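Following: one structure in structure tokens, then a few remarks.
There are 2 protein chains.
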Amino acid sequence: MEDHDCWVQGFKGSAVASGLKKKGGVDLGLIFSEGDGVAAGVFTTGKVKAAPVLLCMDHLQDHRAKAILVNSGNANACTGSKGLADARRCSELVATELKIPRKDVLVASTGVIGAPLDMDAVAGSIPALVKSLSAQSIHRVVDAMMTTDSFPKRSVFEGNAGGKPFRVLGIAKGAGMIMPQMATMLCFVLTDLRIGAGDLRKSLSSAVETTFNRITVDGDTSTNDTVLVLANGMAGNKEPSSSELDLFQGALKSVMGDLSAMIVRDGEGATKLVRIVVRSAATAADAERAARTVANSSLVKTAFYGADANWGRVMAALGRAGVRMEEEKISILIDDVAIVRNGLGVGTEAEGLAQEKMKGREFSLVIELGQGNYEDFVLTCDLTHEYVSINANYRT
Amino acid sequence: MEDHDCWVQGFKGSAVASGLKKKGGVDLGLIFSEGDGVAAGVFTTGKVKAAPVLLCMDHLQDHRAKAILVNSGNANACTGSKGLADARRCSELVATELKIPRKDVLVASTGVIGAPLDMDAVAGSIPALVKSLSAQSIHRVVDAMMTTDSFPKRSVFEGNAGGKPFRVLGIAKGAGMIMPQMATMLCFVLTDLRIGAGDLRKSLSSAVETTFNRITVDGDTSTNDTVLVLANGMAGNKEPSSSELDLFQGALKSVMGDLSAMIVRDGEGATKLVRIVVRSAATAADAERAARTVANSSLVKTAFYGADANWGRVMAALGRAGVRMEEEKISILIDDVAIVRNGLGVGTEAEGLAQEKMKGREFSLVIELGQGNYEDFVLTCDLTHEYVSINANYRT
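Chains as they are written, first to last, in numbering that gives the first Met the number 0: chain B, 0 to 395; chain V, 0 to 395.
The structure is reproduced here in structure tokens:
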């Protein structure tokens, strides 16, 4: 996407280098919505929730928001009551400068856990952030969110509601600590569509289920996972019809699906994006559980790295997934190449073909359980030397 | 342990290079018990069970066994009805040569999944195996079991029952695919104690619970996990008293505990053995679940590798463990150095001290939840570059 695509009517952005990131670079970003719209959020399901998450949950009780302050370099997590006070103070500082109610400001943080936020750095940078807000600078907010991300993540959708064009822009940061049930991941979706708060929440929940809740990098979840959607109504459409709501829901899924795949593709050290598909499971829960278990198996993920069609590891992972299965009914395919039929290996020729596919950057691992009619999927990546390097040396 | 310690009265062993291992070397071992004793087994809890596991479960229905044939190089797993027929044939060949009932022969395999066992290699080697059985050669069986193990694993205990000395010898192979609820792990325990079949089973179940079920290398389980105990009664003791049974149970725990720790220490690519201890959990299940979740977190394990006292990752793992917790009540220690108190970091000085301890080969990570009176532990290792190298290149 070109930078000039990174905009939505009525939204402005800005970013500065505040000094929060040890290595320097932009680390503090602001998004401001000129309209008077609605908002919704989805957050980490872990019990350890960072201060910014607790603040957003509180501020979103009225389903409204006009600004998001985001920083990298420090997660403001496991920081106790001081952390919560710091997050509140951030929202107050932005609110004062923007002349809006404090409750209309959301905050999001990513970075090191357990260290206090450098409030002097944040406070000193907010006037400049507000001053430099512009419709052209939202892409700079993406830069300010990045931690171990190797590329900025953005996706846009353009639609039409009752003759009024609207846009949905999603920006995200991801990389490590990605796992179903929300990742260490921040995602902000901005749209100029006019939509009711209830419809926005429903659309978001539904879209998260098939996008961010279907990705994994290392099975770990984070304290700071946050997806926020702001809709400012500036497209000027009437209250959307049911088919327009469907369109919007599709737009959200498309944008969030793009971002999910980018996050896995950019998983720490990842060289391959793999779609784990489980078919003909006995129940929906079985399909999901089987896909997640395979997607999080270190042995399966290292086999992906080595482009090794080592289906025995897939069988072993299925065996401990706790799902209804009979070994002799299982088929396994890499893309369209069957390597297991009726629980037995098809042969070395098929494995050779499969391994050629596995040398690519993206492929599917399809598992047919032969038990019923349920299907699900999870996106995962390979486990590499680089993953270990990044995470053994993240803080030190 | 010296090789001459690797014996128990009435047990003989032998090993040959049959050609099952691509790289060559001994790969087929036999253990034979001269006595007429009892046996018990514990097996993988995964639903995909290898043929040798199914055979052992069948042959142990009478709680008796006199021989174990073990091979490396091929797991005889995911090999369907042919695999089962092959395992049966192995037991028949050994039984014929030893002139004992087929049901008294157990088999165990480890190695590549999904490839048929080379029956010619096995059949051709069995006469030589039987011929070379000797009390001094049990240590050679350990060599024949090794796959990616970097050292042989043996432990011995000497006790006394009613004035009669007895020994408990354990031998094991481990390395990858190690995880609570049984690992890709073979363990054979041989004792000359006279003991009833029921008591032997009870002692084994109890010992497994606090040893092999409390270790993890990569969270994966295997199709072939097997622990077998043979007791041949040749110590000549009377039926053990209740205190002698306690002594034997302690002996089993000691031997199997030693072997468990060796397996984790020799986890694929591992450089550190870490004991994850969870204290003051609300329930026993919470204590275990919290310990397992932290022990299997890739982010925690890479931090161990980097000797990084990154307690934020521990908190994040606890947060997704699904246990009763309050962030502000949590303490975390490395050995005796507290790095978190009341959910907050103690400071960089404490972390520095903790990091010094983490540079060693063995340390504990202690988590106090402050919820109740339950405690549990799991042994784990670090996640390293070498783990990735080994598993990305295992077959290819």
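Glycine is no exception: its CB is placed at the ideal position from the N, C-alpha and C atoms. All figures in this text were calculated on a predicted structure; none of them were measured in a lab.
Chain-ordered neighbours of Y304 of chain V on chain B, where CB pairs are closer than 9 Å: Chain B residues near Y304 of chain V: V387, N390 and A391.
Residue-chain proximity (P179 of chain V, chain B), Cβ-Cβ < 8 Å: Only weak support is given to the placement of P179 of chain V: the predicted model assigns it a pLDDT of 33, under 50, and the value that follows is read from those uncertain coordinates. The beta-carbon of P179 of chain V is placed no less than 8 Å from the nearest beta-carbon of chain B.
Closer than 7 Å at the beta carbon, the chain V residues around M56 of chain B: Using a Cβ-Cβ cut-off of 7 Å, M56 of chain B is close to nothing in chain V; its nearest Cβ partner there is about 15 Å away.
Proximity test, Cβ basis, 8 Å: W111 of chain V and chain B: According to the sequence provided, residue 111 of chain V is Val. The question's Trp does not apply to it. Chain B contact via Cβ: present.
Distance between beta carbons of R63 of chain V and A94 of chain V, contact taken as under 8 Å: So it is not a contact: roughly 13 Å between Cβ atoms.
Beta-carbon spacing of G402 of chain B, M144 of chain B below 8 Å: This structure leaves residue 402 of chain B out entirely; chain B is present only between 0 and 395.
Nearest-angstrom Cα separation, counted from K271 of chain V out to G359 of chain V: So the alpha carbons of these two residues sit roughly 7 Å apart.
C-alpha distance - L258 of chain V paired with L298 of chain B, whole-angstrom precision: In this model, L258 of chain V and L298 of chain B are separated by some 23 Å (Cα to Cα).
Minimum Cβ-Cβ distance from A39 of chain B to chain V less than 8 Å: Output row for A39 of chain B: interface = no.
Where I329 of chain V falls: helix, strand or coil (DSSP): Per DSSP, reduced to three states, the secondary structure at I329 of chain V is coil, with no helix or strand assignment.
Cα-Cα separation between A289 of chain V and Y373 of chain V, rounded to whole angstroms: One C-alpha to the other measures close to 11 Å.
Three-state class that DSSP yields for S32 of chain B in the structure shown: Reduced to three states, the DSSP call for S32 of chain B is strand.
Against chain V: residues of the region 341-359 of chain B by CB proximity under 9 Å: Identification of residues in the region 341-359 of chain B having a C-beta nearer than 9 Å to some C-beta of chain V yields N341, G342, L343, G344 and Q354, given in sequence order.
First and last residue of the uninterrupted beta strand (DSSP E) at C186 of chain V: That run of the beta strand (DSSP E) goes L185 to T190.
Same chain only: Cβ atoms within 6 Å of A107 of chain B, ignoring 5 sequence neighbours per side: Result list for A107 of chain B: P51, V69, L185 and T225, in chain order.
M178 of chain V, DSSP secondary structure in three states: At M178 of chain V the pLDDT is 41, less than 50, meaning the model places this residue with poor confidence and gives no usable figure here.
Within-8 Å CB hit, G311 of chain B to chain V: For G311 of chain B, the nearest CB of chain V lies under 8 Å from its own CB, placing it at the interface with that chain.
Where I99 of chain B sits in the DSSP three-state scheme: Three-state result, I99 of chain B: coil.
Classification of P151 of chain V by the beta-carbon crowding that lies within 10 angstroms, buried from 16 upward: By the 10 Å Cβ count, P151 of chain V comes out buried.
Those runs of the beta strand (DSSP E) which lie wholly inside the region 107-162 of chain V and span at least 3 residues: As far as the region 107-162 of chain V is concerned, its whole beta strand (DSSP E) runs of at least 3 residues are 152-160.
Alpha helix (DSSP H) segment containing G256 of chain B, residue limits: G256 of chain B -> alpha helix (DSSP H) spans S241 to R264.
Unbroken alpha helix (DSSP H) run spanning E267 of chain B, endpoints: Run containing E267 of chain B: none; DSSP gives neither H nor E here.
Nearest candidate by alpha-carbon position, reference F376 of chain V, set V:D198, V:E367, V:G45 and V:C55: Of the listed residues, the one whose Cα sits closest to F376 of chain V is V:E367.
Buried versus exposed call for G82 of chain B [16 or more other C-beta atoms within 10 Å across all chains shown]: Residue burial is scored here from C-beta neighbours: G82 of chain B has at least 16 other C-beta atoms within 10 angstroms and is therefore classed as buried.
I170 of chain B versus B:D142, B:V104 and B:N309, residue with shortest Cα-Cα distance: Looking at the Cα atoms, B:D142 is the closest of the given residues.
Partner residues on chain V for E327 of chain B, Cβ-Cβ distance less than 8 Å: For E327 of chain B, the chain V residues whose Cβ falls inside 8 Å of its Cβ are G79, in order along the chain.
Whole-number beta carbon distance between V41 of chain V and S204 of chain V, since they are thought to touch under 8 Å: That belief holds up - the Cβ atoms of S204 of chain V and V41 of chain V are roughly 7 Å apart, short of 8 Å.
Proximity test, Cβ basis, 8 Å: A76 of chain B and chain V: With 8 Å as the cut-off, A76 of chain B counts as an interface residue toward chain V.
Residue nearest to G162 of chain B in terms of C-alpha spacing, selected from B:T147, B:R193, B:R139 and B:V188: Nearest in C-alpha terms to G162 of chain B, of all of B:T147, B:R193, B:R139 and B:V188, is B:R193.
Simplified DSSP state of S388 of chain V, which is helix, strand or coil: Residue state, collapsed to three classes: helix.
Exposed unless 16 or more other CB atoms sit within 10 angstroms - verdict on D35 of chain B: Under the 10 Å beta carbon count, D35 of chain B is surrounded by fewer than 16 other beta carbons and is classified as exposed.
Inter-residue spacing [alpha-carbon to alpha-carbon] between D117 of chain V and N295 of chain B: For D117 of chain V and N295 of chain B, the distance between alpha carbons rounds to 32 Å.
Touch test, the region 242-252 of chain B against the region 322-339 of chain B, Cβ-Cβ under 8 Å, three pairs minimum: Flag = no, the region 242-252 of chain B and the region 322-339 of chain B do not touch.
Residues in the region 141-171 of chain V having any Cβ partner in chain B nearer than 7 Å: Taking 7 Å as the upper bound on Cβ-Cβ separation, chain B lies near no residue of the region 141-171 of chain V.
Straight-line Cα distance separating L189 of chain B from D198 of chain B: Rounded to whole angstroms, D198 of chain B to L189 of chain B spans 15 Å at the Cα level.
Residue burial classification, Q60 of chain V (beta-carbon count within 10 angstroms, cutoff 16): With fewer than 16 other Cβ atoms within 10 Å, it is exposed.
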